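In the numbering used here, the protein residues as written are 6 to 502. Quick reminder that beta carbons are idealized off the backbone N, C-alpha and C, glycines included. Bear in mind that the values here come from a model prediction, so they are computed numbers and not experimental data. A quick write-up on the structure given underneath.
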Amino acid sequence: MGNMLSQELVLAVAGALAGIFLLVGLAQALSPPPRRRRRVRRRRPGVPPRRRPGEAGTAASEVAPLARRAAPAFTPRSRPAAPEAPPAPAPVPTLAPPLAPPAAAPPATPPAAPAVNEPAPSAPPAAPRAPAVELPLSECLGFYERRQYQAVVATAEPALQRALGEAATAAPRAQDVAKLWSVLALSRQAVGDEEGALSAFEEAIHAAPEEDRSAYQTQAVALAAGASRRLLERAEQIAEPEERIRGLRQAMVWLRQGLAAAPGDTELQSGQERARRGLWASYNQTAAALVQRQEFHRARRLIREALADEDFPADRRDQFAELLSATFTGEIGQLTASAIRTLEDEREREAVSFLQRAEGILSTMPPDAMPAKRREDANRRLWWGYTKLGMRRVEAGEYEEALEPLFHALKIGDIGPERQQETREALVRALEGVTDARGATIARLAKDGNRNAAVAEAERLKTLMRESLERGLSQQELSLALTKAKRVMEALERGDG
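See below:
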């Protein structure tokens with residue numbers, strides 16, 4: 006009987022030990038690998054491993070967090086239980102150590118937090134959307150239907166300006182903006198502000214969605230066609246030439262704007278051709294009439310305005326270039342004629358002013374602005390004006406005053422050898438007269454004992470002779486004047502001796 010009890014006790018103890026070892030093995034298999042390498046001690050053969058106090062308790066305590074980490078991968082259930090052991094009369098206290106934490110220091114790096122399926126943090130609530138700006142579209146439509154066009158303008162303009170300054174989140178719908186611009190355009194057109202109406206239609210086209218733009222483009226084209234037609238008919242009835250040109254140019258502006266919106270519109274194309282024909286014909290007639298009336302500045306301004314137009318026809322360019330050169334030669338002829346008339350009236354200062362203005366016009370002309378024949382004619386007129394002034398002064402015995410206009414006439418080109426010879430002869434006479442006058446002054450100064458002044462005057466005479474040779478006169482032409490100057494110098498030197 007005692008042997009049987011001993012055997013049963015041994016079996017109970019063995020079963021309890023097997024259950025404990027099974028639980029420890031399962032806990033170690035399911036626990037995460039340690040974060041710090043643990044030193045493995047070699048044990049001597051035949052020596053069973055020593056168990057630290059509380060080791061079994063530590064392994065058991067790690068099952069719970071692992072089960073929590075593995076919860077998303079499995080269906081929720083309790084920990085797996087140990088296999089049933091045969092009933093024992095009493096547990097063995099030494100095999101069930103208390104579940105106390107080990108006294109070892111905590112690891113340097115704490116274990117990762119368990120991956121718990123928690124809801125992601127929600128984004129911060131969005132700022133409340135600003136309410137869209139309300140446009141007075143219905144109100145303006147009512148005004149327009151009652152023909153209260155000024156009320157539409159007064160209401161729509163500030164509202165649209167406010168809408169343009171709003172942020173995108175608060176801006177009104179594009180369709181509403183385009184509709185209000187269109188109502189404003191029609192109201193401006195009704196009160197006679199066609200330019201403002203076209204500007205509003207352009208804003209409507211810009212603001213409208215792609216699928217709605219064609220309707221507003223049609224409105225803009227209709228406005229441009231009507232305005233250009235009225236301007237064209239009105240301009241063709243104007244008698245004053247320059248006013249008619251202004252009217253035709255205004256019509257051209259409207260036609261260009263309409264064709265920019267609808268390039269293939271046949272009515273606009275026909276109107277543009279009609280306006281062009283009238284415009285270039287008016288320019289031609291007006292410029293020719295101004296040249297006839299010797300209003301050269303106005304004629305030149307109109308011709309240059311026409312030539313600068315991008316639509317100016319190439320087949321009319323030569324005709325207008327001829328008109329432009331006529332304004333230059335005509336004005337130069339007018340100024341030189343005025344100079345000669347004032348000379349006859351003994352108003353030399355005015356004559357010099359006319360000649361200088363004429364020469365300034367000729368010098369600033371582009372090379373191709375005047376044909377060679379007309380340029381020669383203009384040079385001839387200038388030559389005659391300066392020569393006439395110099396000869397008049399020579400005849401009056403004003404030799405010093407005659408030198409500058411005669412030298413100026415001598416340097417003008419394209420006047421022919423005969424005319425140039427006429428100037429040379431007058432210039433030689435003037436230089437001979439200057440030599441006589443300065444020689445007498447030098448002799449008088451020397452006689453009065455003012456030798457320094459006499460020498461200075463002699464140097465001036467010598468310089469004049471040298472410059473005359475440099476400016477185109479020959480020694481043969483100046484032979485008499487040079488001989489007289491030489492005698493003056495010799496007399497002054499003899500006075501020194």
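CA nearest to the CA of residue i, picked from the options
i: A356; options: A205, V182, P410, A161; result: P410
i: I250; options: S473, A212, A311; result: A311
i: R471; options: V460, A459, S484; result: S484
i: G500; options: N457, D316, L474, L142; result: N457
i: A496; options: K452, F301, D198; result: K452
i: A431; options: R397, L142, A267, P214; result: R397
i: E462; options: Q290, R385, A445; result: A445
i: I210; options: L469, K184, S233; result: K184
i: S473; options: R443, R429, A442; result: R429
i: A344; options: R380, W389, A319; result: W389
i: Q155; options: D198, P318, Q166; result: D198
i: E464; options: E278, D314, T440; result: T440
i: E482; options: A435, I447, E498; result: A435
Alpha carbon of residue i to alpha carbon of residue j, nearest angstrom
i: L264; j: Q274; result: 7 Å
i: Y391; j: G201; result: 58 Å
i: I337; j: I366; result: 7 Å
i: N455; j: T488; result: 24 Å
i: L360; j: D316; result: 38 Å
i: K378; j: G269; result: 47 Å
i: R352; j: A401; result: 14 Å
i: A179; j: Y149; result: 21 Å
i: L427; j: R492; result: According to the sequence shown, residue 427 is Glu rather than Leu. Taking the straight line from one Cα to the other gives about 28 Å.
i: Q299; j: R346; result: 17 Å
i: A477; j: K467; result: A small correction: the amino acid at residue 477 is Gly; Ala does not occupy that position in the sequence shown. Those two C-alpha atoms are separated by around 16 Å.
i: Y221; j: A212; result: 10 Å
i: N384; j: A374; result: 15 Å
i: Q153; j: F206; result: 19 Å
i: A459; j: R424; result: 38 Å
i: G252; j: E144; result: 38 Å
i: G231; j: T271; result: 14 Å
i: L191; j: R151; result: 13 Å
i: E437; j: D382; result: 31 Å
i: V399; j: P376; result: 35 Å
i: E278; j: H302; result: 29 Å
i: D217; j: E248; result: 40 Å
i: S233; j: S219; result: 21 Å
i: L450; j: Q480; result: 28 Å
i: D350; j: Q339; result: 17 Å
i: E215; j: Q166; result: 22 Å
i: L307; j: S358; result: 26 Å
Buried or exposed by the 16-neighbour rule on C-beta atoms within 10 Å, applied to residue i
i: E327; result: exposed
i: V196; result: exposed
i: R235; result: exposed
i: S330; result: buried
i: A173; result: Reliability of the predicted coordinates at A173 is poor, the pLDDT of 46 falling under 50, and the value obtained from them is presented with this limitation in mind. By the 10 Å Cβ count, A173 comes out exposed.
i: Q194; result: buried
i: K416; result: exposed
i: E238; result: exposed
i: G421; result: exposed
i: G276; result: buried
i: H413; result: buried
i: L348; result: buried
i: Q242; result: exposed
i: Q224; result: buried
i: E475; result: exposed
i: Q262; result: buried
i: E294; result: The question names Glu, but residue 294 is Ala in the sequence shown. Flag for A294 reads exposed.
i: R443; result: buried
i: E498; result: exposed
i: P88; result: In this prediction, P88 scores a pLDDT of 37, lower than 50, which makes its location untrustworthy; the coordinate-derived value is nonetheless stated afterwards. Under this definition P88 is an exposed residue.
Residue i vs residue j beta-carbon contact at 9 Å
i: A229; j: W259; result: yes
i: A280; j: M257; result: yes
i: A363; j: L387; result: yes
i: R305; j: T332; result: yes
i: L140; j: A164; result: yes
i: A240; j: G283; result: yes
i: A159; j: V226; result: no
i: A490; j: V433; result: no
i: P246; j: Q290; result: yes
i: L189; j: A168; result: no
i: W285; j: R321; result: yes
i: R380; j: D419; result: yes
i: D181; j: L146; result: no
Below-9 Å beta-carbon distance, residue i vs any chain B residue
i: N289; result: The structure shown has no chain B; it contains just one protein chain.
Quiz item: Contact between the segment 397-409 and the segment 362-376: three or more CB pairs below 8 Å?
Solution: no
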